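Residues -19 to -1, 1 to 216, numbered by mature numbering (1 follows the signal peptide of the UniProt record, and there is no 0), are exactly what the sequence shown covers, in order.
Note that beta-carbon positions come from the ideal geometry of N, C-alpha and C, so glycine has one too.
Source: prediction; values computed, not measured.
Beneath this line is the structure, given in structure tokens, with notes to follow.
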Amino acid sequence: MKVPVLLLLVSLCFSLALAWQTDTESGSGRPYHYGEESFRHWTRSRQGRFRVLERLLDMDVGLANIARGSMMAPSYNTRANKIAIVLKGQGYFEMACPHVSGGRSSPRRERGHGREEEEEREEEQGGGGGQKSRSYRQVKSRIREGSVIVIPAGHPTALVAGEDKNLAVLCFEVNASFDDKVFLAGTNSALQKMDRPAKLLAFGADEEQQVDRVIGAQKDAVFLRGPQSHRVSSV
């Protein structure tokens, strides 16, 4: 049983060494670089992600530095489960948890990191007469250095940095092959890509203009101004 594991480790080390040598020859001197934009730094490999991890372990990894007062737009992964570790800074995250339930849960509880709070709300839709209905639980929790967040596939999540300092988050995505990230806000959101018949079916003709106005109001993508921010910040 030890031989296959040893071969896998040797193969991984060889691939990493080869990637390092390739980037060194190209002048970068490291297998990743920093790309600066208005709201954050993003760490990535030369090809945009760590291909070795994705190929051998079906994983992806990324490091986001969200500027103070800014946020990462709500999004979800179609296949990958995400493990996010806060390296520095503080803020909070919100997640919409879809589930089937016939009852309601406690609206608030405290757990982890002393007095860290988690707020949960359910909005039940349809269903009646004792039948189980589809509902969505909103999970909201403060996060700080050392916090770990597990985000299942299909759960829309937003990360918001505090007003005092940047929020650095290291993310591991498991089952990364054939995974797509779907954004729900910003210029690259799925709602922006909906055609007119789909919007009419989803929202109705009476709400079409209002929906277009709301969807088109956001002029940024991926990293946005936070709910409490009144200025454009940078890192």
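Is DSSP giving residue i helix, strand or coil here?
{"i": "residue 164", "result": "strand"}
{"i": "residue 159", "result": "coil"}
{"i": "residue 63", "result": "strand"}
{"i": "residue 209", "result": "coil"}
{"i": "residue 119", "result": "strand"}
{"i": "residue 69", "result": "strand"}
{"i": "residue 154", "result": "strand"}
{"i": "residue 189", "result": "helix"}
Please report the straight-line C-alpha distance between residue i and residue j, rounded to a whole angstrom.
{"i": "residue 47", "j": "residue 190", "result": "33 Å"}
{"i": "residue 205", "j": "residue 154", "result": "22 Å"}
{"i": "residue 118", "j": "residue 138", "result": "12 Å"}
{"i": "residue 38", "j": "residue 160", "result": "14 Å"}
{"i": "residue 182", "j": "residue 188", "result": "11 Å"}
{"i": "residue 207", "j": "residue 171", "result": "20 Å"}
{"i": "residue 177", "j": "residue 185", "result": "10 Å"}
{"i": "residue 121", "j": "residue 141", "result": "11 Å"}
{"i": "residue 194", "j": "residue 123", "result": "31 Å"}
Grab the span of the beta strand (DSSP E) containing residue i for me, first residue to last.
{"i": "residue 131", "result": "129 to 132"}
{"i": "residue 41", "result": "40 to 47"}
{"i": "residue 56", "result": "51 to 58"}
{"i": "residue 140", "result": "138 to 142"}
Tell me which same chain residues have a C-beta within less than 7 Å of the C-beta of residue i, skipping the five on either side of it?
{"i": "residue 197", "result": "none"}
{"i": "residue 69", "result": "126 and 149"}
{"i": "residue 156", "result": "39, 60, 61 and 62"}
{"i": "residue 200", "result": "168"}
So residue i is in the alpha helix (DSSP H); what residue range does that whole segment cover?
{"i": "residue 178", "result": "177 to 184"}
{"i": "residue 203", "result": "Segment: none, residue 203 is in no alpha helix (DSSP H) and carries neither H nor E."}
{"i": "residue 126", "result": "Neither: residue 126 is in no alpha helix (DSSP H) and is coded neither H nor E."}
Whose C-beta lies closer than 6 Å to the C-beta of residue i among residues of the same chain, with five residues either side of it excluded?
{"i": "residue 209", "result": "none"}
{"i": "residue 65", "result": "130, 150 and 152"}
{"i": "residue 55", "result": "137, 139, 165 and 166"}
{"i": "residue 128", "result": "67"}
{"i": "residue 79", "result": "117"}
Identify which residue in the options has its Cα closest to the Cα of residue i.
{"i": "residue 71", "options": "148, 57 and 38", "result": "148"}
{"i": "residue 63", "options": "76, 176 and 201", "result": "76"}
{"i": "residue 146", "options": "172, 50, 41 and 173", "result": "50"}
{"i": "residue 158", "options": "58, 123, 180 and 174", "result": "58"}
{"i": "residue 135", "options": "124, 144, 192 and 163", "result": "163"}
{"i": "residue 144", "options": "73, 202, 192 and 174", "result": "73"}
Taking only heavy atoms of the ligand PLP into account, decide whether any of them is closer than 7 Å to the Cβ of residue i.
{"i": "residue 196", "result": "Absence of the ligand PLP from the depicted structure is noted, as is the absence of any ligand whatsoever, leaving it without description."}
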